[in-house]
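*Asks:*
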Ligand code: SF4
Ligand code: SF4
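Chains as they are written, first to last, in this note's numbering: chain A, 1 to 214; chain B, 215 to 393.
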């Protein structure tokens, strides 16, 4: 799930300062779970813009999916044609998808943080940094690229303090935890399996996946 | 393995003036080396030539991976050798040093730095005598395993803070902070 947080309302209004007619766009998937783009937040945003003409509010299931966005915007085609700006309570990908689908000016109302694991509402944890060369099978399903602040792929580093991390002393070093898990599983030989540096030539932004047609 | 030049290194973590380093080197006892760190504004490479004129003991540079991508690690290792350092101590580098809001770059970890340096030896970019040590800490379990890995893979030494106990006594350099 993509974790987002709200931008300062003043900043959102600043970027929409010359828009008189607006549409508020929420996301009923990730941003709804984060309580940054659900129906409640769409309502709040409409109130924030009560000094303008809010032509429509809409919650899209996955605004990052252009097919779904295009389908849902067709339902409010008339309002869309008259809008000066859309206020996107979505992640950055969603905001850009909306802009591409509608051709309208879009104001991003959220900041995008990371792809997170949801433990429960309000508890979101980053567990993968999308390095493109996954080593989880050798690290007992703990990602050192993400859980180690230095992203050390062959750890621990020299900063480890007992079992604790150099950077966050209230947390165990992930390499300590990896070691313990591998030990419990009788797989300690994996601990020193050497992990090459990531080949970033494969990870240059923007990354794309394009399926070949059979 | 490179010749065992010394077992102790006096560590100057951050260099802010050449005079301070020269004065500190003058007090280093015979048989003890120096280790110049990269945390200060002055890079050890910039003063190596000056220090070499008066200091005849073993001279090491601490090369941290922090804020370097692999290309810069590569050139720093080669430059260290070219500038007269006898060897390098590799470390990931303190995460919280500095202002703390810059994007932290840790392109390589110490194990990967070791492999890079060994490849440089292999292709003659640095001499075989250039000593390679990796910073470690005293500990069991994951720490001991990783230290063993460094030595098995070709590091000449592990480097520990002074008076740490180590199972790799003959392959350990002890680092003592400059007085
Ligand atoms: S190693 Fe970590 S960052 Fe890389 S793909 Fe696997 S989980 Fe993601
Ligand atoms: S102590 Fe462990 S988790 Fe912390 S920075 Fe070092 S290797 Fe990473």
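The C-beta atom is built at its ideal place from N, Cα and C for all residues, glycine as well.
Is residue 145 of chain A close to ligand 1? I mean its beta-carbon at under 7 Å from any heavy atom of the ligand.
*Replies:* Yes, Cβ of residue 145 of chain A sits closer than 7 Å to a heavy atom of ligand 1.
*Asks:* Among B:230, B:352, B:361 and B:328, whose alpha-carbon lies nearest the alpha-carbon of residue 196 of chain A?
*Replies:* Selected option, being the one with the closest Cα: B:328.
*Asks:* What residue does the beta strand (DSSP E) around residue 99 of chain A start on, and which one ends it?
*Replies:* Looking at the DSSP string, residue 99 of chain A is not in any beta strand (DSSP E); the run it does join, the alpha helix (DSSP H), is 92 to 102.
*Asks:* What residues of chain B sit near residue 153 of chain A, judged by a beta carbon separation below 7 Å?
*Replies:* Within chain B, the residues near residue 153 of chain A are 323.
*Asks:* Closer than 7 Å by C-beta to residue 307 of chain B: which residues in its own chain qualify, once you throw out the five before and the five after it? Chain order, please.
*Replies:* So the qualifying residues of the chain are 278, 279 and 280.
*Asks:* Hey, how far is the Cα of residue 215 of chain B from the Cα of residue 343 of chain B?
*Replies:* Residue confidence is low: residue 215 of chain B scores 45 on pLDDT, short of 50, so the model does not pin down where it sits. Its coordinate-derived value is still stated next. Taking the straight line joining both Cα atoms gives about 7 Å.
*Asks:* Assuming the contact rule is C-beta atoms closer than 8 Å, residue 63 of chain A and residue 98 of chain A should be a hit. Round their C-beta distance to whole Å, please.
*Replies:* Correct: roughly 6 Å between the Cβ atoms.
*Asks:* Classify residue 125 of chain A: buried if its beta carbon has 16 or more other beta carbons within 10 angstroms, exposed otherwise.
*Replies:* When all chains shown are included, residue 125 of chain A counts as exposed.
*Asks:* Terminal residues of the continuous beta strand (DSSP E) containing residue 59 of chain A?
*Replies:* Start and end: 53 to 60.
*Asks:* Please check the pair residue 251 of chain B and residue 226 of chain B, which I expect to be a contact at CB under 8 Å, by giving their CB distance rounded to whole angstroms.
*Replies:* Sure, about 6 Å apart at Cβ, within 8 Å.
*Asks:* Give the interface partners of residue 68 of chain A over in chain B, defined as CB-CB distance under 7 Å, in chain order.
*Replies:* Result: empty, since nearest Cβ-Cβ is about 34 Å, beyond 7 Å.
*Asks:* Can you give me the C-alpha to C-alpha distance between residue 58 of chain A and residue 8 of chain A, rounded to a whole angstrom?
*Replies:* So the two alpha carbons sit approximately 21 Å from each other.
*Asks:* Closer than 7 Å between beta carbons: that is the criterion. Which residues of the stretch 185 to 209 of chain A meet it against chain B?
*Replies:* Here the close residues are 191, 192, 194 and 197.
*Asks:* Among A:164, A:25 and A:175, which one has its Cα closest to the Cα of residue 69 of chain A?
*Replies:* Of the listed residues, the one whose Cα sits closest to residue 69 of chain A is A:25.
*Asks:* Cα separation between residue 240 of chain A and residue 131 of chain A?
*Replies:* Residue 240 of chain A cannot be examined here, being either before or after the span of chain A that is shown, 1 to 214.
*Asks:* Using C-beta distances below 6 Å, list every residue in its chain close to residue 94 of chain A, excluding the 5 sequence neighbours before and after it, in chain order.
*Replies:* Closer than 6 Å at Cβ, skipping near neighbours: 27, 63 and 64.
*Asks:* Run down chain A in chain order and give the residues with a C-beta less than 8 Å from the C-beta of residue 306 of chain B.
*Replies:* Chain A residues near residue 306 of chain B: 150, 152, 157, 158 and 159.
*Asks:* When the cut-off is 8 Å and only beta carbons count, does residue 326 of chain B lie next to chain A?
*Replies:* So, interface residue.
*Asks:* Are the beta-carbon atoms of residue 238 of chain A and residue 148 of chain A separated by less than 8 Å?
*Replies:* Residue numbering for chain A in the displayed model covers 1 to 214; residue 238 of chain A lies beyond these limits and cannot be assessed.
*Asks:* Kindly indicate if chain A contains any beta-carbon less than 8 Å away from that of residue 217 of chain B.
*Replies:* Confidence at residue 217 of chain B is low in this model, with a pLDDT of 44, below 50, so its placement is unreliable and the value that follows should be read with caution. No, residue 217 of chain B does not count as interfacial toward chain A.
*Asks:* Return the chain-ordered list of same chain residues with a C-beta closer than 6 Å to the C-beta of residue 190 of chain A, the five sequence neighbours on each side being excluded.
*Replies:* Within the same chain, residue 190 of chain A has close Cβ partners 138 and 182.
*Asks:* Going by the beta-carbon positions, is the gap between residue 73 of chain A and residue 102 of chain A smaller than 8 Å?
*Replies:* Their beta carbons are under 8 Å apart, which means residue 73 of chain A touches residue 102 of chain A by this criterion.
*Asks:* Take residue 51 of chain A as the anchor and find which of A:166, A:123, A:20 and A:119 has the nearest alpha-carbon.
*Replies:* When each option's Cα is compared against that of residue 51 of chain A, the closest is A:20.
*Asks:* Ends of the alpha helix (DSSP H) at residue 2 of chain A?
*Replies:* Note, residue 2 of chain A: premise wrong, no alpha helix (DSSP H); beta strand (DSSP E) at 2 to 6.
*Asks:* Our contact map puts residue 348 of chain B next to residue 304 of chain B with C-beta atoms below 8 Å; I'd like the distance itself, whole angstroms only.
*Replies:* Their Cβ separation, rounded to whole angstroms, is 5 Å, which keeps residue 348 of chain B and residue 304 of chain B in contact under 8 Å.
*Asks:* Anything in chain B within Cβ reach of residue 167 of chain A, meaning under 8 Å, just list it in chain order.
*Replies:* Here the neighbours are 309 and 310.
*Asks:* Just to make sure I have the definition right: I need the residues of chain A whose C-beta is within less than 8 Å of the C-beta of residue 356 of chain B. Which are they?
*Replies:* Those are 155, 156, 160, 173, 175, 176, 178, 179 and 191, listed as they occur along chain A.
*Asks:* Step through the CB atoms of chain A and report whether any lies within less than 8 Å of the CB of residue 225 of chain B.
*Replies:* Not one chain A Cβ lies under 8 Å of residue 225 of chain B.
*Asks:* Could you tell me the boundaries of the alpha helix (DSSP H) in which residue 309 of chain B lies?
*Replies:* Where residue 309 of chain B is concerned, there is no enclosing alpha helix (DSSP H), given that its DSSP letter is neither H nor E.
*Asks:* Quick one: what does DSSP say residue 121 of chain A is sitting in, helix, strand or coil?
*Replies:* Here residue 121 of chain A sits in coil by DSSP.
*Asks:* Any idea which residues DSSP pairs residue 107 of chain A with across the strands?
*Replies:* Bridge partners of residue 107 of chain A: A:87.
*Asks:* Is there at least one Cβ from chain A nearer than 8 Å to residue 350 of chain B's Cβ?
*Replies:* Yes, its Cβ sits closer than 8 Å to a Cβ of chain A.
*Asks:* Go through the stretch 251 to 326 of chain B residue by residue and report every complete run of the beta strand (DSSP E) that reaches 3 residues or more, in order.
*Replies:* Listed in chain order, the complete beta strand (DSSP E) runs (minimum 3 residues) inside the stretch 251 to 326 of chain B are 273 to 278 and 301 to 305.
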